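In our numbering, the protein residues as written are 352 to 836. Please read the structure below before turning to the comments.
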Amino acid sequence: MPVTHLDSLDKIVSLSKSRGFIFQSSEVYGGLSAVYDYGPLGVELKRNIQSAWWKAMTQVHDNIVGVDAAIFMHPKVWEASGHVEGFNDPMIDDKQSKKRYRADMLIEQHILKLRDKGDDEKADELQQQLNTTGTRKGLCEDLYDIIMTEEIRSPDSGAFDWTEVRQFNLMFKTHYGAVTKDEDDVIYLRPETAQGIFVNYKNVLDTARVQVPFGIAQIGKAFRNEVVARQFVFRMREFEQMEMQYFVEPGTDEEEYDKWLQARLNWHKSMGIRPDNLRIAPHPKDKLAHYARAAADIQYKYPIGWQEVEGIHNRSDFDLSQHQEYSGKKMEYFDQKLQKRYIPYVVETSVGLDRTVLMVLCDAYREEEVDGDSRTVLKLHPKLAPTKAGIFPLIKKEPLQELARKIETDLKEEYTVLYDESGSIGKRYRRQDEAGTPFCVTVDFDGLDDNTVTIRYRDDMKQDRVSADKITDVIRDEIKSWSVK
Numbered sequence: 352m353p354v355t356h357l358d359s360l361d362k363i364v365s366l367s368k369s370r371g372f373i374f375q376s377s378e379v380y381g382g383l384s385a386v387y388d389y390g391p392l393g394v395e396l397k398r399n400i401q402s403a404w405w406k407a408m409t410q411v412h413d414n415i416v417g418v419d420a421a422i423f424m425h426p427k428v429w430e431a432s433g434h435v436e437g438f439n440d441p442m443i444d445d446k447q448s449k450k451r452y453r454a455d456m457l458i459e460q461h462i463l464k465l466r467d468k469g470d471d472e473k474a475d476e477l478q479q480q481l482n483t484t485g486t487r488k489g490l491c492e493d494l495y496d497i498i499m500t501e502e503i504r505s506p507d508s509g510a511f512d513w514t515e516v517r518q519f520n521l522m523f524k525t526h527y528g529a530v531t532k533d534e535d536d537v538i539y540l541r542p543e544t545a546q547g548i549f550v551n552y553k554n555v556l557d558t559a560r561v562q563v564p565f566g567i568a569q570i571g572k573a574f575r576n577e578v579v580a581r582q583f584v585f586r587m588r589e590f591e592q593m594e595m596q597y598f599v600e601p602g603t604d605e606e607e608y609d610k611w612l613q614a615r616l617n618w619h620k621s622m623g624i625r626p627d628n629l630r631i632a633p634h635p636k637d638k639l640a641h642y643a644r645a646a647a648d649i650q651y652k653y654p655i656g657w658q659e660v661e662g663i664h665n666r667s668d669f670d671l672s673q674h675q676e677y678s679g680k681k682m683e684y685f686d687q688k689l690q691k692r693y694i695p696y697v698v699e700t701s702v703g704l705d706r707t708v709l710m711v712l713c714d715a716y717r718e719e720e721v722d723g724d725s726r727t728v729l730k731l732h733p734k735l736a737p738t739k740a741g742i743f744p745l746i747k748k749e750p751l752q753e754l755a756r757k758i759e760t761d762l763k764e765e766y767t768v769l770y771d772e773s774g775s776i777g778k779r780y781r782r783q784d785e786a787g788t789p790f791c792v793t794v795d796f797d798g799l800d801d802n803t804v805t806i807r808y809r810d811d812m813k814q815d816r817v818s819a820d821k822i823t824d825v826i827r828d829e830i831k832s833w834s835v836k
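Next up, the structure:
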């Protein structure tokens, strides 16, 4: 059974639309750039991933609790966090096409072209220049100088006619209330979910009876006015994050950071992601964020290359110290065992839910040749599959339909299932293969006599004859024993 893995993001975009995973927002009006809606299968997949993350981060731990902070927050929050002043991207405009680009990404693409041509020496020199610009002031001027010196042309128009490089703040700004529109009523859509956890740190500490070390988890929407937002749901303006901030005693932070980095890598593997497509990419010391003592990305090998799906950061005591300074409220923790006060350090795990959905779809995608025919199949981990089982009467005849409907009703108590009596059995199988449905149950005339059905398994297309009363047990056992192939 020759297998072809995913080599183009376009195939996932096409499958996502045709099978109801992901649609472009407001498509009937031409769509809204970098904003997407989840369809019937997509919303089920997304919720299954959310559920798996929430269980792994809260349910199995007795010292991690959840919150659901509001999207709107006091503007001072973003001053304290540094977003108002420093949440910027260096952008440059092509005067010919009127398109805008990330200046550093233009240079990175130029470096890749040099490597493709075999000019590694020049590429290394430019990479060193690019790395240096991020560590000192004058970033915009430095990037502009590189672009002009290297005569980097616009990817779309081919022109060499640039504006200067300017910093653009990525936060969406709006006004709170309906009376005035001055600087006093400015409010932001949150660009990350972490700050909602930090400003609730004391509330959780006072009400949840937790002690350091403890964590606060949250799943929620965030918004960034990405000027360059492409690559399907990998980079969007409205997206969802799954974050956990783990508060620890200073001095134990390095050990906890290493522990959570490995735990989060293992979680991605447990979602059915092939280990060869995952890696840890530590941030160089000279490229760390100003608040971080250590940081690493868990990267996945998307069709667009190795990209971050989750970030693990040792944020030190930066966030709580900043909010203590700006709010005037004490953020110290009194450790009764040690009889001392301190501001906890924070180990952050932050994974993009939309990027995880894309990763799961990409990793599960297969094109296979079966007996001279081809099939497209999503070999999703069964626990993530939007539909767990398809229920098929062999033909549209009342006795078969009645038994099939009864099986559907029984399985619905535990699983999301789909009843389908349209088309040949082969076509029904193929539809469910593309949707990632791991099991198909077919009711035929023999089953009317002995109460048995045929279960067909998505991954190897093997079929078993089992009692209709045992279907739930079979599915449950298969989910527990499943491994990626």
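Backbone N, C-alpha and C define an ideal beta-carbon position, used for all residues, glycine too. For clarity, every value in this text was computed on a predicted model and none was experimentally measured.
Burial state of residue i (16 or more Cβ within 10 Å)
i, result
"T514", "exposed"
"L689", "exposed"
"Y380", "exposed"
"P695", "buried"
"P353", "Any reading at P353 must be qualified, since the residue scores a pLDDT of 49, below 50, and its modelled position is unreliable; no value is offered."
"E395", "buried"
"W657", "exposed"
"S369", "exposed"
"R466", "exposed"
"L463", "exposed"
"A736", "buried"
"K836", "exposed"
"A573", "buried"
"K397", "buried"
"R575", "buried"
"Q687", "exposed"
"E607", "buried"
"E472", "exposed"
"I742", "buried"
"T483", "exposed"
Supposed close pair residue i, residue j - CB separation, criterion 8 angstroms
i, j, result
"I400", "V708", "6 angstroms"
"Q650", "L360", "Rounded, the Cβ-Cβ distance is 16 angstroms, inconsistent with contact."
"A838", "E577", "This structure leaves residue 838 out entirely; the chain is present only between 352 and 836."
"N414", "V561", "6 angstroms"
"T793", "T805", "5 angstroms"
"I631", "A646", "No, I631 and A646 are not in contact; Cβ-Cβ is about 11 angstroms, not under 8 angstroms."
"Q569", "D668", "Contact doesn't hold; Cβ gap of about 20 angstroms is too wide."
"Q518", "G566", "Between G566 and Q518 the Cβ distance is about 34 angstroms, and since that is not below 8 angstroms, they are no contact."
"A740", "I624", "Contact flag wrong, Cβ pair sits at about 23 angstroms."
"D417", "G390", "Here residue 417 turns out to be Gly, not Asp, going by the sequence shown. Not really, about 27 angstroms apart at Cβ, beyond 8 angstroms."
"V516", "I422", "In fact, because the Cβ distance is near 31 angstroms, the residues do not count as touching under 8 angstroms."
Cβ-based neighbour list, residue i, same chain, cut-off 8 angstroms, excluding 5 preceding and 5 following
i, result
"T803", "D797, R816, V817, S818 and A819"
"R809", "V728, K730, Q783, D784, G787, T788, P789, F790 and C791"
Closer than 7 angstroms: residue i CB and nearest the ligand HEM heavy atom
i, result
"D811", "For the structure depicted, the ligand HEM is absent and the ligand set is empty, with no information on it obtainable."
Residue range of the beta strand (DSSP E) that includes residue i
i, result
"G703", "Y696 to G703"
"Y642", "That residue, Y642, is in no beta strand (DSSP E); it is neither H nor E in DSSP."
"Q687", "Note, Q687: premise wrong, no beta strand (DSSP E); not H, not E."
"K473", "Where K473 is concerned, there is no enclosing beta strand (DSSP E), although the alpha helix (DSSP H) it sits in stretches over D471 to T484."
"S818", "Q814 to S818"
"V721", "Y716 to V721"
"S725", "D724 to L729"
"K572", "F565 to F574"
Residue i, enclosing alpha helix (DSSP H) - first and last residue
i, result
"V428", "P426 to S432"
"I443", "Per DSSP, I443 belongs to no alpha helix (DSSP H); it is in the beta strand (DSSP E), N439 to D444."
"H664", "No alpha helix (DSSP H) holds H664; the beta strand (DSSP E) holding it covers G656 to N665."
"R756", "E749 to K763"
"D801", "F796 to D801"
"E676", "F669 to S678"
"E492", "L490 to T500"
"G382", "Careful: G382 lies outside any alpha helix (DSSP H) and carries neither H nor E."
"F549", "A545 to F549"
Cβ-based neighbour list, residue i, same chain, cut-off 6 angstroms, excluding 5 preceding and 5 following
i, result
"L366", "none"
"E699", "Q596, H664 and R666"
"W833", "P733"
"W618", "A407"
"P633", "A647"
Other residues of its chain near residue i: CB distance less than 7 angstroms, five sequence neighbours each side excluded
i, result
"F511", "E502 and R504"
Check whether the stretch 754 to 765 touches the stretch 711 to 724, counting contact only when three or more Cβ pairs, one atom from each stretch, lie closer than 8 angstroms.
-> no
Three or more beta-carbon pairs under 8 angstroms between the stretch 744 to 755 and the stretch 700 to 707, yes or no?
-> no
Do the stretch 670 to 678 and the stretch 423 to 441 touch if we need at least three Cβ pairs shorter than 8 angstroms?
-> yes
Is the stretch 618 to 630 touching the stretch 583 to 590, taking contact as three or more C-beta pairs under 8 angstroms?
-> no
The stretch 519 to 529 / the stretch 548 to 565 touching (three or more Cβ pairs under 8 angstroms) | No, the stretch 519 to 529 does not touch the stretch 548 to 565.
Counting Cβ pairs closer than 8 angstroms, one from the stretch 600 to 618 and one from the stretch 544 to 555, do we hit at least three?
-> Using a Cβ-Cβ distance cut-off of 8 angstroms, the stretch 600 to 618 and the stretch 544 to 555 are not in contact, since fewer than three pairs of beta carbons, one from each stretch, lie closer than that value.
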